[in-house]
Ligand code: GLN
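Written as structure tokens, this is what we have:
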């Protein structure tokens, strides 16, 4: 279901009717567990206003009246934001995240909040307090995480567009697992105001769709500087669709040799190489590049992300926002018991790890070292981009895992981040799109771009999507 189809549906009926259909579909696909809540009243009101504007021939934008889903770690005034955690089970947002507010200002209608790994920590969407999300492409497999609910919301055609957040791959991996398209913009492109922080120097809001070109208007409206987030870039938002429809002739595609080596499932590799072969036939130039430091990316990420998380999550203390233990008899009990009851085990693991690497005896050995590795990874990408326009890489080391595997084998979950975390560490944009399948299970292809060059990713992604 793409944007054009939804727009036609609205033209032929109304935004209210289309929102109603979305709610029906959510009900029918309930067993996928993609949504944690729906905002019916709010959405129907917005859809009514959109219908009024459309009737008067004065739409706010191409998104006017279009239903969207939003990951449940973005605040929307007056609605619950749980981060799929018990600790925020009853938290109602007092304000709306900038990214969501900007899309609403363009007329988009938020119909619901989507399931996710608890506090966006995970790669399989199995750490949600509210239960796993099921992959509609293969119901015995995970949909990827942590934005699994948003990916499934698009894959199961309840909406054409959904927002997610990506700290180390949480948009791109679910896109790969569900055969949808997902983009993580450059760090600083999209305001994080109103996004519940996981690791602030890595988090970025992005979007899912079923076709590459549908992401352009989302970015056009969502990106830009925000006085409420001083890490947003002053760079004027590009015309993100400017390369769409222009093909790939002459584009130099860098292939990091370290990415096509051990660690990548051989069958998935064949699918990706076949896709790259098609691009070469169309006139793209394939060029081997090297990212030697990439072998330390996971280690560096799993020091830095938990370090930031341990600090960010200290605000959930049983006093503000959150679940408060009924057993607590004094202040210290309130902190420790509320957190003990409210956080799931994955979140606790990250907090412990983060506190450990930040503690005085280990700070230099782990945290400082990981920061240095982060810089070297960024430099390696810079070098690679001096000889290519974009980088093509796998999105995942293999097919989506069978349900339950990551729960028993934590390392296998961590290793699924092999191709995605480096993009966050280097603050780059990344786009994942389907490039084939194995017995009907989708395989994703990741495009990594130069900083702020999302437009090239959309151009190339669109060209690839149009190949026979
Ligand atoms: N899988 C990674 C983690 O668990 C990335 C998650 C994300 O991008 N939010 O930290």
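In the numbering used here, the protein residues as written are 10 to 477.
Cβ atoms here follow ideal geometry from the backbone N, Cα and C, with glycine treated the same way.
Quantities reported herein were computed from a predicted structural model and do not represent experimental measurements.
Any non-hydrogen atom of the ligand GLN closer than 7 Å to residue i Cβ
{"i": "residue 207", "result": "yes"}
{"i": "residue 413", "result": "no"}
{"i": "residue 176", "result": "yes"}
{"i": "residue 155", "result": "yes"}
{"i": "residue 314", "result": "yes"}
{"i": "residue 131", "result": "yes"}
{"i": "residue 179", "result": "yes"}
{"i": "residue 426", "result": "yes"}
Pick from the options that is closest to residue i, judged by C-alpha positions
{"i": "residue 301", "options": "385, 338 and 248", "result": "385"}
{"i": "residue 62", "options": "84, 25 and 209", "result": "25"}
{"i": "residue 415", "options": "152, 46, 84 and 331", "result": "152"}
{"i": "residue 261", "options": "279, 464, 288 and 280", "result": "288"}
{"i": "residue 157", "options": "14, 45 and 75", "result": "45"}
{"i": "residue 446", "options": "326, 100, 187 and 205", "result": "187"}
{"i": "residue 345", "options": "333, 355 and 290", "result": "333"}
{"i": "residue 210", "options": "198, 93 and 216", "result": "198"}
{"i": "residue 265", "options": "220, 38, 389 and 163", "result": "389"}
{"i": "residue 194", "options": "170, 233 and 338", "result": "233"}
{"i": "residue 205", "options": "104, 134, 305 and 279", "result": "104"}
{"i": "residue 407", "options": "381, 177, 268 and 240", "result": "268"}
{"i": "residue 169", "options": "226, 148 and 178", "result": "226"}
{"i": "residue 473", "options": "216, 150, 253 and 224", "result": "253"}
{"i": "residue 11", "options": "90, 166 and 98", "result": "166"}
{"i": "residue 298", "options": "277, 274 and 263", "result": "263"}
{"i": "residue 258", "options": "373, 82, 290 and 411", "result": "290"}
{"i": "residue 89", "options": "402, 331 and 422", "result": "331"}
{"i": "residue 250", "options": "275, 237 and 221", "result": "221"}
{"i": "residue 127", "options": "96, 92 and 145", "result": "92"}
{"i": "residue 179", "options": "217, 148, 150 and 121", "result": "217"}
Residue i - containing beta strand (DSSP E), residue span
{"i": "residue 44", "result": "44-47"}
{"i": "residue 264", "result": "261-265"}
{"i": "residue 213", "result": "213-218"}
Helix, strand or coil at residue i [DSSP, three-state]
{"i": "residue 20", "result": "helix"}
{"i": "residue 343", "result": "helix"}
{"i": "residue 371", "result": "coil"}
{"i": "residue 11", "result": "coil"}
{"i": "residue 299", "result": "coil"}
{"i": "residue 144", "result": "coil"}
{"i": "residue 405", "result": "coil"}
{"i": "residue 451", "result": "strand"}
{"i": "residue 423", "result": "helix"}
{"i": "residue 182", "result": "helix"}
{"i": "residue 121", "result": "strand"}
{"i": "residue 227", "result": "helix"}
{"i": "residue 192", "result": "strand"}
{"i": "residue 175", "result": "strand"}
{"i": "residue 415", "result": "helix"}
{"i": "residue 97", "result": "helix"}
{"i": "residue 60", "result": "helix"}
{"i": "residue 25", "result": "helix"}
{"i": "residue 80", "result": "strand"}
{"i": "residue 351", "result": "helix"}
{"i": "residue 55", "result": "helix"}
{"i": "residue 360", "result": "helix"}
{"i": "residue 366", "result": "helix"}
{"i": "residue 170", "result": "strand"}
Distance cut-off 7 Å: residue i Cβ against heavy atoms of the ligand GDP
{"i": "residue 345", "result": "This structure lacks the ligand GDP; its bound ligands are the ligand GLN."}
Residue range of the unbroken alpha helix (DSSP H) whose run includes residue i
{"i": "residue 432", "result": "430-434"}
{"i": "residue 465", "result": "463-475"}
{"i": "residue 290", "result": "275-290"}
{"i": "residue 386", "result": "378-394"}
{"i": "residue 113", "result": "107-114"}
{"i": "residue 311", "result": "306-321"}
{"i": "residue 161", "result": "157-164"}
Can we say the region 106-121 touches the region 278-294, given the rule of at least three CB pairs closer than 8 Å?
They do not touch, by the three-pair rule.
So does the region 313-324 actually touch the region 390-399, counting three or more Cβ pairs closer than 8 Å?
As far as the Cβ criterion goes, the region 313-324 does not touch the region 390-399, which means the pair count is below three.
Closer than 8 Å is the cut-off here; do at least three beta carbon pairs connect the region 138-147 with the region 48-65?
Flag = no, the region 138-147 and the region 48-65 do not touch.
Okay, do the region 311-319 and the region 275-283 touch, 3+ Cβ pairs below 8 Å being the bar?
Output reads no: the region 275-283 does not touch the region 311-319.
Inter-stretch contact at 8 Å, needing at least 3 Cβ pairs: the region 453-461 / the region 427-442:
Remark: three or more beta-carbon pairs, one from each stretch, lie closer than 8 Å, so the region 453-461 and the region 427-442 are flagged as touching.
Would you call the region 301-314 in contact with the region 70-79, where contact means no fewer than 3 C-beta pairs closer than 8 Å?
Taking a contact to require three or more Cβ pairs closer than 8 Å, the region 301-314 and the region 70-79 do not qualify as touching.
If contact is defined by three or more beta carbon pairs under 8 Å, each pair taking one atom from either stretch, is the region 234-247 in contact with the region 357-375?
At 8 Å Cβ cutoff, the stretches do not touch.
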